[in-house]
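Going by our numbering, the sequence shown opens with residue 3, and the numbers climb by one from there.
Glycine included, C-beta positions come from ideal geometry on N, C-alpha and C.
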Amino acid sequence: MIFDPWYTIPYLFKLDNELRQKTGNDRCEIITFIRSYSGKRKEDKPVVNLAHPDYQTLIRYTRRKKVSIGLHTSYEAGCNPELIADEKKLLEKFTRKEISYNRNHFLNNREPEDFEYLISNGITDDFSMGYADVAGFRLGTCKAVQWINPAKKQLTKLRLHHLTIMDVTLSEKRYMYMNTHDAFQYCESLINTVKNFNGEISLLWHNNSVEKHVNSYHRKLYRELLKTFNKNNNTDE
Numbered sequence: 003m004i005f006d007p008w009y010t011i012p013y014l015f016k017l018d019n020e021l022r023q024k025t026g027n028d029r030c031e032i033i034t035f036i037r038s039y040s041g042k043r044k045e046d047k048p049v050v051n052l053a054h055p056d057y058q059t060l061i062r063y064t065r066r067k068k069v070s071i072g073l074h075t076s077y078e079a080g081c082n083p084e085l086i087a088d089e090k091k092l093l094e095k096f097t098r099k100e101i102s103y104n105r106n107h108f109l110n111n112r113e114p115e116d117f118e119y120l121i122s123n124g125i126t127d128d129f130s131m132g133y134a135d136v137a138g139f140r141l142g143t144c145k146a147v148q149w150i151n152p153a154k155k156q157l158t159k160l161r162l163h164h165l166t167i168m169d170v171t172l173s174e175k176r177y178m179y180m181n182t183h184d185a186f187q188y189c190e191s192l193i194n195t196v197k198n199f200n201g202e203i204s205l206l207w208h209n210n211s212v213e214k215h216v217n218s219y220h221r222k223l224y225r226e227l228l229k230t231f232n233k234n235n236n237t238d239e
């Protein structure tokens, strides 16, 4: 692999694994969501080619670090969920691993019944339940819930996980547009809420947001949030 400043995966995995070693595998799971299909929409660019040596390097490294791999369904699949089957099969082909986790590109959820496509294709857990413009608890709870099919009034096996904090939500002008101090304070309050109710917290950090020369606070903030998790873990009764 030639030098790529956006390839910050080793840095993220290093921090994640340090936390996992301190808290235990049962309390900290690391997931990398990988797109397998580029789609025809501008939202799905740049083009993805899992056969490319760089992608193969990423997949091998992810498996070597014992990091879970999830399907990052394309924006187009969010609009046309019948594409999920082919995207999942393609990712499984190149990872040689059964995929059961999903997150939609741009958090693109459409109709409630679209979740049936996830279930029918072997997805057990979805991590798309968050609003891009505000960090918090879209599900109204800090715990994973089983999806109820509203049409059939049936409890399904699909678990929905709220997306608590996404990096760009905090910093982008069109969203919360917080400075470093306010972002940390806000995130800390969410973390404390989750701790009080013995829930789960889900962070979404993009590889390009922690590049050293990017003019953002996300590299430092991510590191500080993981330290906060570890501090809370050490004070648990």
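Check your understanding: Excluding sequence positions up to five away, which residues of its chain have a Cβ less than 7 angstroms from the Cβ of serine 204?
Key -> On the sequence shown, residue 204 is found 202 positions in, with the first residue counted as 1. Phe129, His163, His164, Leu165 and Thr166.
Exercise for review: Put phenylalanine 117 into one of helix, strand or coil per three-state DSSP.
Suggested key: In the sequence shown, counting from the first residue as 1, residue 117 sits at position 115. Residue state, collapsed to three classes: helix.
Practice item. Please report the residue range of the alpha helix (DSSP H) in which isoleucine 11 lies. Key: Numbered from its first residue, the sequence shown carries residue 11 at position 9. In the DSSP assignment, isoleucine 11 falls within the unbroken alpha helix (DSSP H) covering 11-25.
Review point. Hey, quick one: how far does the beta strand (DSSP E) through glycine 72 stretch, first residue to last?
Key: Numbered from its first residue, the sequence shown carries residue 72 at position 70. Per DSSP, glycine 72 belongs to the beta strand (DSSP E) from 70-75.
Check your understanding: For leucine 205, which beta-bridge partners are listed by DSSP?
Key -> As a position in the sequence shown, residue 205 is number 203, starting the count at 1. Leucine 205 is bridged to Ile167.
Check your understanding: Excluding sequence positions up to five away, which residues of its chain have a Cβ less than 8 angstroms from the Cβ of arginine 62?
Key -> Numbered from 1 along the sequence shown, position 60 holds the residue referred to as residue 62. Non-local C-beta neighbours of arginine 62 in its own chain, meaning closer than 8 angstroms and more than five positions away in sequence, are absent.
Exercise for review: May I ask which residues mark the beginning and end of the alpha helix (DSSP H) holding leucine 196?
Suggested key: Residue mapping note: residue 196 aligns to position 194 of the sequence shown, counting from 1. Reading the sequence as shown, one finds valine at residue 196 and not leucine. Its alpha helix (DSSP H) spans residues 182-198.
Check your understanding: Quick one: what does DSSP say lysine 67 is sitting in, helix, strand or coil?
Key -> As a first step, residue 67 is located in the sequence shown; it is residue number 65 there, counting from the start. In the structure shown, lysine 67 sits in coil (DSSP, three-state: anything other than H, G, I, E or B).
**Study point:** Through-space distance from leucine 223 to tyrosine 179, alpha-carbon basis
**Key:** Numbered from 1 along the sequence shown, position 177 holds the residue referred to as residue 179. Numbered from 1 along the sequence shown, position 221 holds the residue referred to as residue 223. Whole-angstrom Cα-Cα distance: 14 angstroms.
Review point. Do you know how far the Cα of arginine 221 is from the Cα of glutamate 239?
Key: Walking along the sequence shown from the start, residue 239 turns up at place 237. Walking along the sequence shown from the start, residue 221 turns up at place 219. Below a pLDDT of 50, predicted positions are generally treated as unreliable, and glutamate 239, at 43, falls in that range; the measurement from the model is reported next regardless. Between the alpha carbons of glutamate 239 and arginine 221 lies a gap of roughly 30 angstroms.
Review point. Buried or exposed: where does glutamate 45 fall if 16 or more other Cβ atoms within 10 Å of its Cβ makes it buried?
Key: Residue numbering aside, residue 45 sits at position 43 when the sequence shown is read from its first letter. By the neighbour-count criterion, in which a residue is buried when 16 or more other Cβ atoms sit within 10 angstroms of its Cβ, glutamate 45 is exposed.
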